[in-house]
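Start counting the sequence shown at 1; every next residue gets the next number (full-length UniProt numbering).
Reviewing the structure listed below.
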Amino acid sequence: MIIKYLRIAKVEFEKTKEYFLNFIGQIIYLPMQFLLIYFLWKFVYSYNSQIGNYSFNDMIEYYLILTIVQSAIMPVGIITYEEWNDINQGNLNLYLSKPLFYPFYLCYRKIVLFLWNIIFGILFLIFANITILPWLKITLYIYNISLFILSSFLGFMIMFNLFFIVGTLTFWVENVLTLRDNVWNMIKIFSGEILPIAIFPSFIKKISVILPFQYIYYTPISVLQGKLTNEQLLDSIGFQIFWVIFMSIISLIMWKKGSVNYTSQGG
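Okay, structure coming up:
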């Protein structure tokens, strides 16, 4: 079984040439994106030297790290569509006839892309920290980079399960893509993708605490920025692990019920 998944990893890794070109494209686009972010926040900070517990440098650093985490996690955003398409087009029969567990197959393929993007993202961050953005003074040690990778991976798994659960609803709901778009919008608001959660109004902070979304982007970024105390760090990673386990159980239960129903109806 392990050999089969290693072969999948090999195939996905061979495809990374095109992902590498995409990554280079992102790097080329990055300066333009950052110029916009830089001048926007430069204007905002001209009226305040500190917003929440974020200085101007902290804020620029936040969006730089966000770009890296996004590039690593974003590949799972297509999971709902892939699952919806496989079920509706009958492609799922091909996977069910093979000695592969479809949820693991989808997840494993995306993990390869995650590892590729997070490694190159960290290398770019180190390069930028030394050369083009030394004034940010991002603290990069093996310890906090390792915790950052762990937290980013847990965020990746949370987002994978979110979109896999939505995709699995295709067994019972005709069109789940609208629901997917609504989930996207919630992620944007409550994950820290638009603004750091720490500078939101208190009522949004309270809502975000009981939702899994902030553990996708905000937590990994806060880990690398050193914004968390040791206690907060343990709590945050603990909550990430909880959400991964809880949502994985939901995913597998839904998949089992849906795939059994799909098979009994002849696909």
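Think of the CB as a built atom: it goes at the ideal place given N, C-alpha and C, for glycine as much as any other residue.
None of the values given here were measured: they were computed from a predicted structure.
Helix, strand or coil at ILE210 according to DSSP, with G and I counted as helix: Coil.
Taking the C-alpha atoms as reference points, what is the distance between VAL166 and LEU66? 24 Å
Helix, strand or coil at TYR54 according to DSSP, with G and I counted as helix: strand
For ASN261 and TRP255, what's the separation of their Cα atoms in angstroms? 10 Å
By DSSP, does LEU100 sit in helix, in strand, or in coil? coil
Take ILE37 and list the residues in its own chain whose beta-carbon comes closer than 6 Å to its own, dropping the five residues that flank it on each side. Cβ neighbours of ILE37 beyond the five flanking positions: TYR63.
Under the three-state reduction of DSSP, which class applies to PRO220: helix, strand or coil? In the structure shown, PRO220 sits in a helix (DSSP, three-state: H, G or I).
What does the Cβ neighbour count give for THR139, buried or exposed, with the cut at 16 atoms within 10 Å? exposed
Which same chain residues end up closer than 7 Å to CYS107 when comparing Cβ atoms and leaving out the 5 residues on each side of it in sequence? PHE160
Helix, strand or coil for GLN70, going by three-state DSSP, please let me know. helix
Quick check on this structure: which residue in MET59, LEU40, TYR45, LYS42 has the alpha carbon closest to the alpha carbon of ILE197? MET59
Start and end residues, alpha helix (DSSP H) containing VAL173: Per DSSP, VAL173 belongs to no alpha helix (DSSP H) and is neither H nor E.
When the distance is taken between beta carbons, is SER151 closer than 9 Å to PRO220? yes
With three or more C-beta pairs closer than 8 Å as the rule, is the stretch 164 to 181 touching the stretch 241 to 258? Touching, per the Cβ criterion.
Touch test, the stretch 181 to 193 against the stretch 120 to 137, Cβ-Cβ under 8 Å, three pairs minimum: no
In whole angstroms, what is the alpha-carbon distance linking LEU96 and LEU162? 22 Å
Start and end of the alpha helix (DSSP H) containing TYR81? For TYR81, the enclosing alpha helix (DSSP H) starts and ends at 79 to 88.
Separation of PHE127 from ASN117, as counted between CA atoms: 15 Å
Going by alpha carbons, who is nearest to VAL183 out of ILE216, ASP235, LEU154, PRO201? ILE216
Who are the near neighbours of TRP84 in its chain, counting only those whose CB is closer than 7 Å to its CB and skipping five residues on each side? GLY167, THR170, VAL176, LEU177
Out of LEU228, TYR105, LEU211, which has the shortest C-alpha to C-alpha gap to ASN144? LEU228
Pick helix, strand or coil for PHE200, following the three-state DSSP scheme. coil
Measuring only the C-alpha atoms, how far is PHE200 from ILE241? 24 Å
Among GLY77, LEU252, MET247, which one has its Cα closest to the Cα of LEU185? Reading off the sequence, residue 185 comes out as Asn, not Leu. For the residues GLY77, LEU252, MET247, the minimum Cα distance to ASN185 belongs to GLY77.
In this structure, how does DSSP classify LYS205 when only helix, strand and coil are distinguished? helix
State the Cα-Cα distance for the pair GLY155 and PHE239, rounded to the nearest angstrom. 11 Å
Under 8 Å Cβ to Cβ from GLN70, same chain only, skipping five residues before and after it: list those, please. GLU193, TYR217
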